[in-house]
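In what follows, a structure is listed as structure tokens, so that the remarks can point back to it.
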């Protein structure tokens with residue numbers, strides 16, 4: 117079983133559309149994250165949830181809205197997609213949010229906005 | 421604010437030779453330090469971490485890293501590189517205090533190319 121699974125793996129869409137990426141972890145972890153990896157491979161945190169509570173919200177446009185229905189799921193909804201949103205989005209989870217906790221990453225969702 | 425620098429965009433090494441990937445960090449307090457590896461079209465995978473204690477940390481696939489507090493460095497090393505080690509390597513740091521937001525900050529990544 118995949119520990120952190122993301123769907124879809126690839127997403128191609130037009131500017132202005134709204135899209136969602138889903139993430140699920142079966143590790144029993146309390147904390148989940150969304151990271152964005154740009155074309156230069158730079159990795160930047162967007163959001164983090166701990167037991168369904170938002171704990172990290174970086175300077176991300178309001179068009180991005182995370183939702184965590186339970187601690188095993190963290191979805192990312194993006195409104196009014198722009199060209200600059202094209203990137204690979206990684207979901208990750210960890211047992212806790214502090215200290216030496218290791219993140220387990222999903223395989224990524226490649227979003228292409230045309 | 422905490423930060424991580426990986427000064428080399430790419431490291432080229434011949435198979436069988438030693439591999440070093442450099443990382444320096446800036447953080448308040450004693451850091452938690454990590455190395456992750458990303459193979460093409462895959463998510464990041466954990467390699468090793470430093471919490472406290474012995475400055476030399478051993479991890480997966482024969483990798484090790486040395487914590488140097490005075491130089492604020494955490495270089496990744498492997499005594500004998502394999503072609504299969506070719507990948508993108510990320511160094512990351514987390515501050516120990518909640519005041520820092522417990523964020524894990526990644527460096528920009530270093531691409532390693534091991535040639536046969």
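Protein chains in written order, with the numbering used here: chain A, 117 to 230; chain B, 421 to 536. For each residue, glycine too, the CB sits at the ideal point set by N, CA and C.
Assignment of residue 504 (chain B) by DSSP, reduced to helix, strand and coil, places it in the helix class. Annotation for residue 212 (chain A): 146 and 147 place their beta carbon closer than 7 Å to its own, counting only its chain and skipping 5 residues before and after. Contact between residue 195 (chain A) and residue 154 (chain A) does not hold, since the beta-carbon distance rounds to 20 Å and is not under 8 Å. Secondary structure of residue 164 (chain A) (DSSP, three-state): strand.
Burial is judged here by how many other beta carbons sit within 10 angstroms of a residue's own beta carbon; residue 201 (chain A) has at least 16 and is buried.
In the displayed model, residue 199 (chain A) falls within a helix according to three-state DSSP.
The beta carbon of residue 512 (chain B) lies closer than 8 Å to those of 424, 453, 454, 455, 456, 524, 525, 526 and 527 in the same chain, with the five residues before and after it left out. In this structure, residue 206 (chain A) lies away from residue 193 (chain A), with their beta-carbon atoms at least 9 Å apart. With contacts defined as CB atoms closer than 9 Å, residue 510 (chain B) and residue 458 (chain B) qualify as a contacting pair. Contact holds between the segment 491 to 498 of chain B and the segment 430 to 448 of chain B, because three or more Cβ pairs, one in each stretch, are under 8 Å apart. Not a single CB atom of chain B sits nearer than 9 Å to the CB of residue 132 (chain A). Counting only runs of at least 3 residues, the segment 440 to 488 of chain B fully encloses the following beta strand (DSSP E) elements, listed from N- to C-terminal order: 444 to 446, 452 to 458, 464 to 470, 476 to 478 and 484 to 488. Assignment of residue 498 (chain B) by DSSP, reduced to helix, strand and coil, places it in the strand class. For residue 530 (chain B), the three-state secondary structure derived from DSSP is strand.
Shortest Cα-Cα distance from residue 126 (chain A) to any of A:210, A:167, A:119 and A:136 involves A:136. Non-local beta-carbon contacts of residue 476 (chain B) in its own chain, meaning distances under 7 Å to residues more than five positions away in sequence, involve 484 and 486 in chain order.
When rounded, the separation of the alpha-carbon atoms in residue 167 (chain A) and residue 204 (chain A) is 25 Å.
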